[in-house]
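If you're matching positions, the sequence shown starts at 0 in numbering that gives the first Met the number 0 and goes up one per residue.
Idealized CB from N, CA, C, for every residue including glycine.
Since the model is a prediction, treat every value here as computed from it, not as a measurement.
Comments concern the structure below.
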Amino acid sequence: MALDLPECETLLLTQKGSRLDVTLNRPESRNAINARMAEEFSNLLDWLMGNDAIRLVVLRGAGGHFCAGGDIKERRTMSESMPEDGSDPVKARNERAGKGFLKFQNLPQTTIAAVEGSAFGGGLGYACMADITIVTKGARMGMPETRLGIAPAQIAPFVVKRVGLARARQLALTASRFGGQEAHDYGIAQYLCEDNAMDATIEDVAAQVMACAPKASAATKEILLAVGTIPDDELPGFAATRFAELSRGTEGREGQTAFAEKRAPNWASTEGEAG
Numbered sequence: 000m001a002l003d004l005p006e007c008e009t010l011l012l013t014q015k016g017s018r019l020d021v022t023l024n025r026p027e028s029r030n031a032i033n034a035r036m037a038e039e040f041s042n043l044l045d046w047l048m049g050n051d052a053i054r055l056v057v058l059r060g061a062g063g064h065f066c067a068g069g070d071i072k073e074r075r076t077m078s079e080s081m082p083e084d085g086s087d088p089v090k091a092r093n094e095r096a097g098k099g100f101l102k103f104q105n106l107p108q109t110t111i112a113a114v115e116g117s118a119f120g121g122g123l124g125y126a127c128m129a130d131i132t133i134v135t136k137g138a139r140m141g142m143p144e145t146r147l148g149i150a151p152a153q154i155a156p157f158v159v160k161r162v163g164l165a166r167a168r169q170l171a172l173t174a175s176r177f178g179g180q181e182a183h184d185y186g187i188a189q190y191l192c193e194d195n196a197m198d199a200t201i202e203d204v205a206a207q208v209m210a211c212a213p214k215a216s217a218a219t220k221e222i223l224l225a226v227g228t229i230p231d232d233e234l235p236g237f238a239a240t241r242f243a244e245l246s247r248g249t250e251g252r253e254g255q256t257a258f259a260e261k262r263a264p265n266w267a268s269t270e271g272e273a274g
């Protein structure tokens, strides 16, 4: 069923059944994130949070580049003045970005980041926040903030969680650039492909995701993200609650029946229940 998708100027949205392809669409700036894109993306995430008809989100960039990070020209203009009311728009913008990153990480849908070309700053952050990241060998990535006199303030926690503190310190404090092979070796990306194989790789990985049960995938993601965020002694009860709900639900009954009957489960009837 075709959905009434949000209207956007800086994002291209393409629905493919229960999959939504989101393309960052500022190719003239290598898809740098300006205020308009950040607002539209945040609104899209709010829409996705409450939409169980979409179960897979694929994020990529237009024009052969993923995302060059924040829009430096726009941010520089904002930094040159301080409002008379004492508010700090630079701090507010940076904090909004961090909250947006958390929303993206915590989406109930499975997320795939398709990284090609440039992926710096916030672009690298999104690569580290996605559930699954595909990177081309020719991609160029890095955390250039310290060479610009600023800090990777909001992406740092996600990079640490993805690659570990030691590697994150090296990448941030040298601002070194690295390619797709290194991104795969560091654990940023789980899949590495040739530069001309991104589309085929997305379809292959997406098919694997879609073969899994929607509600089970959302609950599994919730459990995985809970590790380290709630006390260890609360995790067994938290996970057991989700397990029991799934076991008694439509998907659990269908999946276990299909296993007993030695047939593939039919998720078509439950696909719209993801979330």
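Item: Assigned exposure category for Gly-274 - 16 Cβ within 10 Å defines buried; Value: No answer about Gly-274 holds up, because its pLDDT of 33 lies below 50 and its placement is not dependable.
Item: Contact belief for Gln-104 with Met-142 at Cβ below 8 Å, rounded distance in angstroms; Value: About 18 Å separates the two Cβ atoms, so there is no contact after all.
Item: Residue burial classification, Leu-23 (beta-carbon count within 10 angstroms, cutoff 16); Value: buried
Item: Residue interval of the alpha helix (DSSP H) (run including Lys-220); Value: 213–225
Item: Residues that Tyr-185 bridges to, as DSSP identifies them; Value: Tyr-185 pairs with nothing; no bridge assigned.
Item: Integer-rounded CB distance, given that Leu-245 should sit under 8 Å from Lys-220; Value: Not quite, the Cβ-Cβ distance comes to about 13 Å (not below 8 Å), so this is no contact.
Item: Which of helix, strand or coil DSSP assigns to Gln-14; Value: strand
Item: Alpha-carbon to alpha-carbon, Ala-126 and Ala-196; Value: 18 Å
Item: Buried or exposed (CB count within 10 angstroms, at least 16 for buried), Met-337; Value: The chain is shown from 0 up to 274; residue 337 falls before or after that span and cannot be answered.
Item: Three-state secondary structure assigned by DSSP to Asp-198; Value: helix
Item: Pair within 8 Å by beta-carbon distance, Phe-65 and Val-21; Value: no
Item: Whole beta strand (DSSP E) elements within the region 41–103, 3-residue minimum; Value: 55–60
Item: Contacts around Gly-60, its chain only, beta-carbon distance under 6 Å, and the 5 residues preceding and following it disregarded; Value: Leu-23, Asn-30, Cys-66
Item: Selected residue, minimal CA-CA separation from Trp-266, among Asn-42, Thr-13, Arg-54, Pro-5; Value: Arg-54
Item: Ser-175, enclosing beta strand (DSSP E) - first and last residue; Value: From DSSP, Ser-175 is part of no beta strand (DSSP E); its letter is neither H nor E.
Item: Backbone CA spacing between His-183 and Gly-124 [nearest angstrom]; Value: 15 Å
Item: Residue range of the unbroken alpha helix (DSSP H) whose run includes Thr-9; Value: Looking at the DSSP string, Thr-9 is not in any alpha helix (DSSP H), and its letter there is neither H nor E.
Item: Range of the contiguous beta strand (DSSP E) that encloses Met-142; Value: Unbroken run through Met-142: none, as it is neither H nor E.
Item: Enclosing alpha helix (DSSP H) for Thr-256 [first to last residue]; Value: 249–259
Item: Cβ neighbour criterion (16 or more within 10 Å) applied to Glu-144; Value: buried
Item: Paired residues, beta bridge with Thr-135 - DSSP; Value: Cys-192
Item: N-terminal and C-terminal residue of the beta strand (DSSP E) that Ala-112 is part of; Value: 109–114
Item: Distance between Glu-39 and Met-48 (C-alpha atoms, nearest Å); Value: 14 Å
Item: CA-to-CA distance, Ala-174 to Gly-148, given in whole angstroms; Value: 11 Å
Item: Straight-line gap, Ser-216 to Tyr-185 (C-alpha atoms, nearest Å); Value: 25 Å
Item: Pro-5 versus Ser-28, Ser-41, Ile-32, residue with shortest Cα-Cα distance; Value: Ser-41
Item: DSSP state of Thr-228 mapped onto helix, strand, coil; Value: coil
Item: C-alpha distance - Ser-268 paired with Ala-257, whole-angstrom precision; Value: Any reading at Ser-268 needs caution, since the residue's pLDDT is 39, under 50, leaving its predicted position unreliable; the model's value is listed next. Rounded to whole angstroms, Ser-268 to Ala-257 spans 14 Å at the Cα level.
Item: Contact check, Ile-111 vs Ala-188, beta carbons under 8 Å; Value: no
Item: Buried versus exposed, by CB contacts within 10 Å (16 or more), Glu-260; Value: exposed
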